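Reviewing the structure listed below.
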Amino acid sequence: MFACRLPWWRSSVTCNSWQSGHFLPWDRCQMLNIKGINTTVGQEQQVSMKEKQVLKDLEMQLARRDTEALFQEQPEAGNQYLEDTLLRSYLKTHLPPKILEEVHQDLERFGNRLLTKIQPLSRECELNPPVFRQYDAWGRRVDHIHTCSAWRRMKEISAEEGLIAEAYEKRYSNWSRLYQAVKLYLFSSSSGGFNCPLAMTDGAAKVIESLGIPGSLKNAFDRLTSRDPEKFWTSGQWMTERRGGSDVANGTETVARKQPDGTYCLYGFKWFTSAADSDVTLTLARIADAEGQCTQGSRGLSLFFLRVRDEEGKLNNIQVQRLKDKLGTRQMATAELWLQGARAELISAEGRGVAAISNMLNITRIHNVIGAVASMRRMISLSRDYACKRVAFGKLLKDHPLHMQTIARMEVQVRGAFLLLMEIVRLLGLAETNLASEQEQLLLRLLIPVAKLYTGKQASAVAVEAMESFGGQGYMEDTGLPVILRDTLVLSIWEGTTNILSLDVLRSLAKSQGQVMAVFLSTVQKKLELASGTEDLSPAVQRAREAIGSLRQFLAAAGSERALIMELAARDFSYSLARIYTGRATTAITEPWTLLMEHAARPDASSTDVCAALRWCNQELCPVAVESARGSYRGGAALQDSALVFGTSRL
Numbered sequence: 001m002f003a004c005r006l007p008w009w010r011s012s013v014t015c016n017s018w019q020s021g022h023f024l025p026w027d028r029c030q031m032l033n034i035k036g037i038n039t040t041v042g043q044e045q046q047v048s049m050k051e052k053q054v055l056k057d058l059e060m061q062l063a064r065r066d067t068e069a070l071f072q073e074q075p076e077a078g079n080q081y082l083e084d085t086l087l088r089s090y091l092k093t094h095l096p097p098k099i100l101e102e103v104h105q106d107l108e109r110f111g112n113r114l115l116t117k118i119q120p121l122s123r124e125c126e127l128n129p130p131v132f133r134q135y136d137a138w139g140r141r142v143d144h145i146h147t148c149s150a151w152r153r154m155k156e157i158s159a160e161e162g163l164i165a166e167a168y169e170k171r172y173s174n175w176s177r178l179y180q181a182v183k184l185y186l187f188s189s190s191s192g193g194f195n196c197p198l199a200m201t202d203g204a205a206k207v208i209e210s211l212g213i214p215g216s217l218k219n220a221f222d223r224l225t226s227r228d229p230e231k232f233w234t235s236g237q238w239m240t241e242r243r244g245g246s247d248v249a250n251g252t253e254t255v256a257r258k259q260p261d262g263t264y265c266l267y268g269f270k271w272f273t274s275a276a277d278s279d280v281t282l283t284l285a286r287i288a289d290a291e292g293q294c295t296q297g298s299r300g301l302s303l304f305f306l307r308v309r310d311e312e313g314k315l316n317n318i319q320v321q322r323l324k325d326k327l328g329t330r331q332m333a334t335a336e337l338w339l340q341g342a343r344a345e346l347i348s349a350e351g352r353g354v355a356a357i358s359n360m361l362n363i364t365r366i367h368n369v370i371g372a373v374a375s376m377r378r379m380i381s382l383s384r385d386y387a388c389k390r391v392a393f394g395k396l397l398k399d400h401p402l403h404m405q406t407i408a409r410m411e412v413q414v415r416g417a418f419l420l421l422m423e424i425v426r427l428l429g430l431a432e433t434n435l436a437s438e439q440e441q442l443l444l445r446l447l448i449p450v451a452k453l454y455t456g457k458q459a460s461a462v463a464v465e466a467m468e469s470f471g472g473q474g475y476m477e478d479t480g481l482p483v484i485l486r487d488t489l490v491l492s493i494w495e496g497t498t499n500i501l502s503l504d505v506l507r508s509l510a511k512s513q514g515q516v517m518a519v520f521l522s523t524v525q526k527k528l529e530l531a532s533g534t535e536d537l538s539p540a541v542q543r544a545r546e547a548i549g550s551l552r553q554f555l556a557a558a559g560s561e562r563a564l565i566m567e568l569a570a571r572d573f574s575y576s577l578a579r580i581y582t583g584r585a586t587t588a589i590t591e592p593w594t595l596l597m598e599h600a601a602r603p604d605a606s607s608t609d610v611c612a613a614l615r616w617c618n619q620e621l622c623p624v625a626v627e628s629a630r631g632s633y634r635g636g637a638a639l640q641d642s643a644l645v646f647g648t649s650r651l
């Protein structure tokens, strides 16, 4: 029998077996007497093919032992509230002390719940998307949309946490809406996509509230704003039809026929209905007259409320054609629906549907901003943690200056976006409690589309950049990172694309006859005056003032071609508003930089706050002026654009 004598010191790498004039390595010597293979070295050549394969497999196992301990540590985030220093400093600065004390305790508790209970449910929602079953085993049509237990639990948690109720109970007066937004911001990236039905639910509640909560809708309003999981309802928003998305005036074909009892039956096809498993919905339709004729255009649209299912759980004369196969937000059931006499209640004045639903659009657009900021914060938090764990080229990623510069640039973006979000919900809270001045109401009307379009673009850019910070791991599905990217990409499409909202910004200017722009500029000037007393911010203040001057010059120079110039410049103009107001530079004119400077001018501001404001203002704050100087909006620019897209032969 072959026996190998191991020296008493473990560090020896050879054994006393001799083969071809050499001692065998210890691991090799050991292998020759493993798994019942008993042979001498001299007989090794006679080992059967089967035994040789066993030896080969064992060699592979030993080779793997040295690499099995090498793995990449998973990036993790802790309590999202406690780790978000910008959020905490903002609340400390703005909230009254008593409210802050209560809010702090609840948010710390909520942060722990997110970490330990809700995030695992989020992953479950991602792994178990909804399934559509059109027929039962006996051929009967059932149109059943099955959602996973985690998705249903998200609905219960939303009620328990008061994620809708908080804004309508008004426990904290004008700060209630801001507090709700903060909870939604923390919840969004861990919600498994449930932030979308919450957006529409909040919007529906807002519409009903704006109508004075009529008696027929009292039960619905109470359920939409309930904290009781057994009573809580979610709402859909069925607007998109086959002929159009944002163009509801010309794209809506659904017809409403009045019934003897005063209700209506709706007939039509809804092309894109998010959260099709919701309890109720608001939708637009055209009321047919006695001859069956309908008024076309936006003046023919009225707003209706309907229950999706009856008390027995049967669909309300609705057929589900299919679930959409989407790039992202796969956790949520998005369906094509046939309305075949769905019973509904008219809740707007006839022909005033678009005006009535505008409140819903404002709320859902704010929710879109919340989702954008939350996704950016989530990706950056994970990138930051990973930089403290991952070793490359002999040192941690956090010790590579270029890597940290990249994350820092993303951090500046999310800081600006966060402060812009907080500004909007602060103004909304004032408006909802009748405390907003006329100027603040005008500013809110302008900032909602500006913030939505800008942060939607920001979120996609930050998500792509942050994914790169994880290297190849960022591209792996089971890390959960691609889900964040996919879900983020829809944020520039939901509730109006970038171009649609840019044109909406122009409408707000035209409708107010210039008052909105005047309020915007005066507000920015005031914020700059506050920041000018801080010496460290003087470069940022100077750049901001230059940007305002450039913006004024652009508006004054539009001249006789103003309509065409403003349409071509709409996107750059909106970007400038966003960057200016926020306190950072982007491709539109906004307030980001002023908000960042205002935050950095606080007596207890940190060096990080100052740095963020300075870096934000290092961007081109007024891209519309730059493009205008280049002639991008004049001299047949529209024809040149078409030539580039289609080729001169198409002109």
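Heads up: the sequence shown is residues 1 to 651, going by full-length UniProt numbering.
Even for Gly, the Cβ is constructed at its ideal location relative to N, Cα and C.
Here the structure is a predicted model, which is why all the values come from computation and not from measurement.
Can at least three beta-carbon pairs, one atom from the segment 309–322 and one from the segment 377–391, be found at a separation below 8 Å? no
Measuring CB atoms only, is the segment 450–468 touching the segment 531–539, in the sense that at least three cross pairs come out at less than 8 Å? no
From His146 to Leu127, what distance separates their C-alpha atoms? 14 Å
Three Cβ pairs or more, each shorter than 8 Å: is that satisfied between the segment 449–456 and the segment 180–197? no
What does the alpha-carbon distance come out to for the pair Asn38 and Glu51? Confidence at Asn38 is low in this model, with a pLDDT of 49, below 50, so its placement is unreliable and no value can be given for it.
DSSP three-state call for Gln319: helix, strand or coil? strand
Let me make sure I understand the geometry here. Which of Gln105, Ala150, Arg140 has the alpha-carbon closest to that of Lys117? Ala150
Counting contacts by CB-CB distance shorter than 8 Å, is Ile157 in contact with chain E? Annotation note: the requested chain E is absent from the structure, which comprises a single protein chain.
Just the Cα atoms here: how many angstroms apart are residue 735 and Met422? Since the displayed the chain opens at 1 and closes at 651, residue 735 lies outside it and no answer follows.
Where the beta strand (DSSP E) containing Val142 begins and where it ends: 141–146
Does the count of Cβ pairs from the segment 129–136 and the segment 93–108 closer than 8 Å reach three? no
Stretch pair the segment 238–251 + the segment 209–222: three plus CB contacts closer than 8 Å: no
Rounded separation between Asn79 and Gln119 - CA only: 11 Å
What number of angstroms, rounded off, separates the C-alpha of Gly111 from the C-alpha of Val182? 11 Å
Would a C-beta distance cut-off of 8 Å place Leu506 and Ala570 closer than the cut-off? yes
Can you tell which of Ser348, Ala643, Ala374 has the C-alpha that lies nearest to the C-alpha of Lys263? According to the sequence displayed, residue 263 carries Thr and not Lys. Residue Ser348 is the option with its Cα nearest to Thr263.
Can you give, in chain order, each stretch of the alpha helix (DSSP H) that sits fully within the segment 139–199 and has at least 4 residues? 149–160, 165–169, 176–188
As an exercise, report each continuous alpha helix (DSSP H) stretch of at least 4 residues that is fully enclosed by the segment 64–107, in chain order. 80–83, 85–94
Determine the closest residue to Ser574 out of Gly328, Asp504, Arg352, Ala563, with distance taken between C-alpha atoms. Asp504
To which residues does DSSP link Leu435 through a beta bridge? For Leu435, which the question treats as bridged, DSSP gives no partner whatsoever.
Taking just the CA atoms, how far does Ala204 sit from Gly351? 19 Å
Can you give, in chain order, each stretch of the alpha helix (DSSP H) that sits fully within the segment 489–538 and has at least 4 residues? 498–511, 515–531
Considering only their Cβ atoms, is the gap separating Ala249 from Gly297 smaller than 8 Å? yes
Excluding five sequence neighbours on each side, which residues of the same chain lie with their C-beta closer than 7 Å to the C-beta of Met379? Val462, Ala463, Ala466, Ile484
Could you tell me the distance, in whole angstroms, from the CA atom of Leu435 to the CA atom of Leu427? 9 Å
Please look up how many angstroms separate the CB atoms of Asp572 and Pro623, rounded, as I've assumed it's under 8 Å. 5 Å
My output table needs one value for Gly416: the three-state DSSP class, helix, strand or coil. helix
Can you round the beta-carbon distance between Arg177 and Val519 to whole angstroms, since I take them to be within the 8 Å contact cut? At roughly 20 Å, the Cβ-Cβ gap does not stay under 8 Å, so Arg177 and Val519 are not in contact.
Kindly indicate which three-state DSSP category Leu548 falls into: helix, strand or coil? Note that residue 548 is Ile in the sequence shown, not Leu. Three-state result, Ile548: helix.
Run the CB neighbour count on Tyr81, radius 10 Å, all protein chains shown included, and call it buried at 16 or more, exposed below. buried
Just how far apart, CA to CA, sit Tyr90 and Ile287? 48 Å
When the Cα of Ile164 is compared with those of Asp261, Phe221, Arg113, which residue comes out closest? Phe221
By a C-beta neighbour count over all protein chains shown, 10 Å radius and 16 as the cutoff for buried, is Ala285 buried or exposed? buried
State the Cα-Cα distance for the pair Phe272 and Ala333, rounded to the nearest angstrom. 10 Å
Three or more beta-carbon pairs under 8 Å between the segment 469–489 and the segment 546–557, yes or no? no
Ignore the nearest five residues each way along the sequence and tell me which others in Ala585's own chain have a CB closer than 6 Å to its CB. In this prediction, Ala585 scores a pLDDT of 31, lower than 50, which makes its location untrustworthy; no coordinate-derived value is stated.
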